[in-house]
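Trainee:
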Ligand SMILES: Cc1cc2nc3c(=O)[nH]c(=O)nc-3n(C[C@H](O)[C@H](O)[C@H](O)COP(=O)(O)O)c2cc1C
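Residue numbers (my numbering): 537 to 722.
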């Protein structure tokens, strides 16, 4: 029987959704029965049928989406006894790499992933930070103002607008390769 994977994600600006869809595509291509849930819109009733659960969230001001965080909390007992992996979408990571600020990047990894896993008693087989999007069109007035200095930084880091006001710092090869590694471990 085909192995079953559940991908649960929380998103505010859409990056974690399209990243999750790409991960699902790689898993399905590998013959894995993959269910994709946007936890902000749909509920999960049970995780027992799945061989593995992947949980993803976008980051904003250092925070996971409430829905993805609630999912981790609600299912922490089941997830602690199951193969699971977590990822976050973060535009900041590309900037740290550009600044070669490894110390800060390690801090971010700890804060966004390792601490989150530890808080919920989880021992993921993989924890990873992917890139994300900065969409100035979708930000509230106050966030657009707060984030406007990053526009210069992100351009300095070599990212061009995909369309007016939209930057995408994801490396799709990194995402696909990670999904292939996961597929081999299900
Ligand atoms: C207002 C705002 C705040 C952000 N804060 C952070 C942050 O604290 N850390 C980070 O790594 N990325 C931050 N980002 C970048 C997001 O992680 C990026 O937009 C990502 O795509 C969010 O995931 P989502 O598109 O699935 O919502 C921020 C983006 C915005 C618009």
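We put the beta carbon where it would ideally sit given N, CA and C, even for glycine.
Within the present structure, is the beta-carbon of residue 695 separated from the nearest heavy atom of ligand 1 by less than 7 Å?
Mentor: Result no, Cβ not under 7 Å from ligand 1.
Trainee: Could you check if residue 669 belongs to the surroundings of ligand 1, using beta carbon to heavy atom distance under 7 Å?
Mentor: Yes, the Cβ of residue 669 comes within 7 Å of a heavy atom of ligand 1.
Trainee: For ligand 1, I want to know if residue 550 counts as a neighbour, meaning its beta carbon is within less than 7 Å of at least one of the ligand's heavy atoms.
Mentor: Yes; taking the cut-off as 7 Å, the Cβ of residue 550 has a heavy atom of ligand 1 nearer than that.
Trainee: Does DSSP put residue 670 in a helix, a strand or coil?
Mentor: Residue 670: strand per DSSP, three-state reduction.
Trainee: Which residue from 649, 717, 630 puts its Cα closest to that of residue 690?
Mentor: Of the candidates 649, 717, 630, the one whose C-alpha sits nearest the C-alpha of residue 690 is 630.
Trainee: Near residue 702, which residues of its chain fall below 8 Å by C-beta distance, leaving aside the five closest residues on each side in sequence?
Mentor: The residues are 669, 670, 671, 672, 673.
Trainee: Which residue spans inside the segment 613-700 form an unbroken alpha helix (DSSP H) run of at least 4?
Mentor: Listed in chain order, the complete alpha helix (DSSP H) runs (minimum 4 residues) inside the segment 613-700 are 628-634, 638-645, 651-655, 677-692.
Trainee: Would you mind stating whether residue 589 and residue 604 have Cβ atoms separated by less than 8 Å?
Mentor: No. Outside cutoff.
Trainee: Excluding the five sequence neighbours on either side, which residues of its own chain have a C-beta within less than 8 Å of the C-beta of residue 584, listed in chain order?
Mentor: So the list reads 614, once near-sequence residues are dropped.
Trainee: By a C-beta neighbour count over all protein chains shown, 10 Å radius and 16 as the cutoff for buried, is residue 678 buried or exposed?
Mentor: Flag for residue 678 reads exposed.
Trainee: Is there a Cβ from chain D that is less than 8 Å from the Cβ of residue 638?
Mentor: Absent here is chain D; the protein component of the structure consists of one chain.
Trainee: By Cβ distance below 7 Å, which residues in the same chain neighbour residue 555 in space, the five residues on each side in sequence not counted?
Mentor: The residues are 592, 625, 666, 706, 711.
Trainee: May I have the straight-line CA-CA distance separating residue 685 from residue 575, to the nearest angstrom?
Mentor: Cα to Cα, residue 685 sits roughly 31 Å from residue 575.
Trainee: Applying the criterion that 16 or more other CB atoms from any shown protein chain within 10 Å of the CB defines a buried residue, is residue 597 buried or exposed?
Mentor: Burial call: exposed.
Trainee: Quick one: what's residue 711 bridged to in DSSP?
Mentor: Beta-bridge pairing links residue 711 to no other residue.
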